[in-house]
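Peer 1: The following block contains the structure, expressed as structure tokens.
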Amino acid sequence: MEHSNSNPVGSMAAAGSARIQIGNNSTINNTINNYSQDDDQKHLAALSLTDPRKDKSRMEQTKSDLLKEAYLWVLQNSEFRRWRETSENQPLFWIRGDFGKGKTMLLSGIINELQPSTRLKDPTRHTNPTSHTSLSYFFCQATNPGLNNATAVLRGLVYLLVDQHPNLLSHVRGKLPLDPGHWNSGVAIRAIFLEMLQDQSLQNVILIVGALY
Numbered sequence: 001m002e003h004s005n006s007n008p009v010g011s012m013a014a015a016g017s018a019r020i021q022i023g024n025n026s027t028i029n030n031t032i033n034n035y036s037q038d039d040d041q042k043h044l045a046a047l048s049l050t051d052p053r054k055d056k057s058r059m060e061q062t063k064s065d066l067l068k069e070a071y072l073w074v075l076q077n078s079e080f081r082r083w084r085e086t087s088e089n090q091p092l093f094w095i096r097g098d099f100g101k102g103k104t105m106l107l108s109g110i111i112n113e114l115q116p117s118t119r120l121k122d123p124t125r126h127t128n129p130t131s132h133t134s135l136s137y138f139f140c141q142a143t144n145p146g147l148n149n150a151t152a153v154l155r156g157l158v159y160l161l162v163d164q165h166p167n168l169l170s171h172v173r174g175k176l177p178l179d180p181g182h183w184n185s186g187v188a189i190r191a192i193f194l195e196m197l198q199d200q201s202l203q204n205v206i207l208i209v210g211a212l213y
């Protein structure tokens with residue numbers, strides 16, 4: 001007797017020894033998809049040493065309110081404008097200054113100006129999910145050795161890129177185990193990062209790293 005909630009799958013003969021399957025395989029497909037989504041979430045959790053967006057918000061709060069006057073000048077700077085308009089020919093824009101001169105807050109302001117035209121999600125401001133530009137950033141923290149090294153920088157940059165392009169997790173699967181303890185390998189993270197940057201889904205990428213010493 002057939003159960004009223006059953007999902008019948010049958011088959012019929014075809015030419016030769018072939019058989020045609022008739023029925024609904026959604027249960028099987030959903031199970032496979034769920035396993036894939038669960039694995040992706042585990043990879044993302046292993047990758048997320050920190051969320052740079054939360055770090056940025058915390059720094060802005062602890063270093064007093066971000067005043068537009070403190071960074072608006074750089075938006076009109078000829079070198080900065082040249083970088084924004086011809087970044088393919090001039091990919092690097094380096095802001096240098098002594099410790100305590102406000103470079104971190106300056107970069108925070110630049111990020112706030114750039115982010116609305118990028119894919120990077122942020123609950124505090126509007127972004128453009130259809131933009132061809134992706135933004136990723138990381139702020140080193142001198143008081144936290146775990147967030148003040150090259151591996152931490154790359155993990156943070158990769159984390160925000162994956163947040164905008166979940167398909168980039170394909171470059172992570174199988175490369176490192178799900179145990180976060182294995183994600184401190186700078187060589188492996190660097191290889192994953194460089195591979196992601198070659199992905200065709202990334203058309204224009206802006207990478208910002210602050211507080212480098």
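Using full-length UniProt numbering, the first residue of the sequence shown is number 1, and each one after it goes up by one.
C-beta atoms are modelled at their ideal positions from N, C-alpha and C, and glycine is treated no differently.
Since the structure is predicted, the reported quantities are computational estimates derived from the model, not experimental observations.
1. With distances taken between CB atoms, is the gap from Ala-142 to Ala-211 smaller than 8 Å?
2. Once DSSP output is grouped into helix, strand and coil, what is the label at Leu-207?
3. When you compare only the Cα positions, how much space is there between Leu-72 and Leu-114?
4. Below 8 Å on the Cβ atoms is my contact criterion, and I expect Val-158 with Ile-110 to pass it. Report the Cβ-Cβ distance as a whole number of Å.
5. Looking only at its own chain, which residues have a Cβ that is under 6 Å from the Cβ of Asn-34, when we skip the five neighbours before and after it?
6. Can you check which of these residues, Ser-108, Asn-148, Leu-120, is closest to Ala-70 by C-alpha distance?
7. What span of residues does the alpha helix (DSSP H) with Leu-135 cover, start to end?
8. In terms of residue numbering, what span does the alpha helix (DSSP H) encompassing Trp-83 cover?
9. For residue 229 and Phe-93, I'd like the C-alpha separation in whole angstroms.
10. Take every Cβ of the segment 76-91, pair it with every Cβ of the segment 186-201, and state whether three or more of those distances are shorter than 8 Å.
11. Can you give me the C-alpha to C-alpha distance between Asn-204 and Lys-42, rounded to a whole angstrom?
12. Check whether the Cβ atoms of Leu-49 and Gly-156 sit closer than 8 Å, and answer yes or no.
13. Buried or exposed, going by whether 16 or more other CB atoms sit within 10 Å of the CB of Val-172?
14. Report yes if the C-beta distance between Thr-118 and Leu-106 is below 8 Å; otherwise report no.
15. Run the CB neighbour count on Asn-24, radius 10 Å, all protein chains shown included, and call it buried at 16 or more, exposed below.
16. Is Ala-142 near the ligand SAH, judged by its Cβ being under 7 Å from some heavy atom?
17. Please report the distance separating the alpha-carbon of Leu-202 from that of Asn-112.
18. Which class does Ile-189 belong to by DSSP, given the choice of helix, strand or coil?
19. Is it true that the CB of Leu-169 sits closer than 8 Å to the CB of Asp-40?
20. Rounded to a whole number of angstroms, what is the C-alpha to C-alpha distance between Thr-127 and Lys-121?
21. By the three-class DSSP mapping on this structure, what secondary structure does Pro-166 have?
22. Would you report the Cα separation of Lys-54 and Ser-78, rounded to the nearest angstrom?
23. For Gly-100, which option in Gly-146, Ala-46, Lys-63 has the closest C-alpha, if you only look at C-alpha atoms?
Peer 2: Straight from the coordinates:
1. In the sequence shown, the residue the question calls residue 142 occupies position 142. In the sequence shown, the residue the question calls residue 211 occupies position 211. In contact: Ala-142 and Ala-211 (Cβ atoms closer than 8 Å).
2. Looking up residue 207 in the sequence shown gives position 207. Here Leu-207 sits in strand by DSSP.
3. Along the sequence shown, one-based indexing puts residue 72 at 72. Along the sequence shown, one-based indexing puts residue 114 at 114. If you take the alpha carbons of Leu-72 and Leu-114, they lie about 12 Å apart.
4. Indexing the sequence shown from 1 puts residue 158 at position 158. Indexing the sequence shown from 1 puts residue 110 at position 110. Contact flag wrong, Cβ pair sits at about 21 Å.
5. Here residue 34 refers to the residue found at position 34 of the sequence shown. Here the model assigns Asn-34 a pLDDT of 45, short of 50, so the residue's position is not dependable, and the following value carries that caveat. Cβ neighbours of Asn-34 beyond the five flanking positions: none.
6. In the sequence shown, counting from the first residue as 1, residue 70 sits at position 70. Among Ser-108, Asn-148, Leu-120, the Cα nearest to that of Ala-70 belongs to Ser-108.
7. Start at 1 with the first residue of the sequence shown, and residue 135 comes out as number 135. No alpha helix (DSSP H) holds Leu-135; the beta strand (DSSP E) holding it covers 133-139.
8. As a position in the sequence shown, residue 83 is number 83, starting the count at 1. Element bounds for Trp-83: 78-85.
9. The first residue shown for the chain is 1 and the last is 213, placing residue 229 beyond what the model contains.
10. no
11. Taking the first residue of the sequence shown as position 1, residue 204 is located at position 204. Taking the first residue of the sequence shown as position 1, residue 42 is located at position 42. Their Cα atoms are separated by approximately 27 Å.
12. Here residue 49 corresponds to residue number 49 of the sequence shown, with the count starting at 1. Here residue 156 corresponds to residue number 156 of the sequence shown, with the count starting at 1. Going by C-beta atoms, Leu-49 is nearer than 8 Å to Gly-156.
13. By one-based count along the sequence shown, residue 172 stands at place 172. Under this definition Val-172 is a buried residue.
14. Locating residue 118 in the sequence shown gives position 118, where the first residue counts as 1. Locating residue 106 in the sequence shown gives position 106, where the first residue counts as 1. Against a cut-off of 8 Å, the Cβ pair of Leu-106 and Thr-118 comes out as no contact.
15. As a first step, residue 24 is located in the sequence shown; it is residue number 24 there, counting from the start. Confidence in Asn-24 is poor, its pLDDT being 45 and thus under 50, which makes the residue's placement unreliable; the coordinate value appears in the next sentence. Asn-24 comes out exposed.
16. This structure lacks the ligand SAH, and indeed carries no ligand of any kind.
17. Counting from one through the sequence shown, the residue named residue 202 turns up at place 202. Counting from one through the sequence shown, the residue named residue 112 turns up at place 112. Leu-202 and Asn-112: Cα-Cα distance of roughly 21 Å.
18. Counting from one through the sequence shown, the residue named residue 189 turns up at place 189. Reduced to three states, the DSSP call for Ile-189 is helix.
19. Translated into positions along the sequence shown, residue 40 becomes position 40. Translated into positions along the sequence shown, residue 169 becomes position 169. Cβ atoms of Asp-40 and Leu-169: closer than 8 Å.
20. Mapped onto the sequence shown, residue 127 falls at position 127. Mapped onto the sequence shown, residue 121 falls at position 121. So the two alpha carbons sit approximately 6 Å from each other.
21. Translated into the one-based positions of the sequence shown, residue 166 becomes position 166. It is helical.
22. Within the sequence shown, residue 54 is the residue found at index 54, counting from 1. Within the sequence shown, residue 78 is the residue found at index 78, counting from 1. Using only the alpha carbons, I get a separation of about 31 Å.
23. Indexing the sequence shown from 1 puts residue 100 at position 100. That would be Lys-63, whose Cα lies nearest to the Cα of Gly-100.
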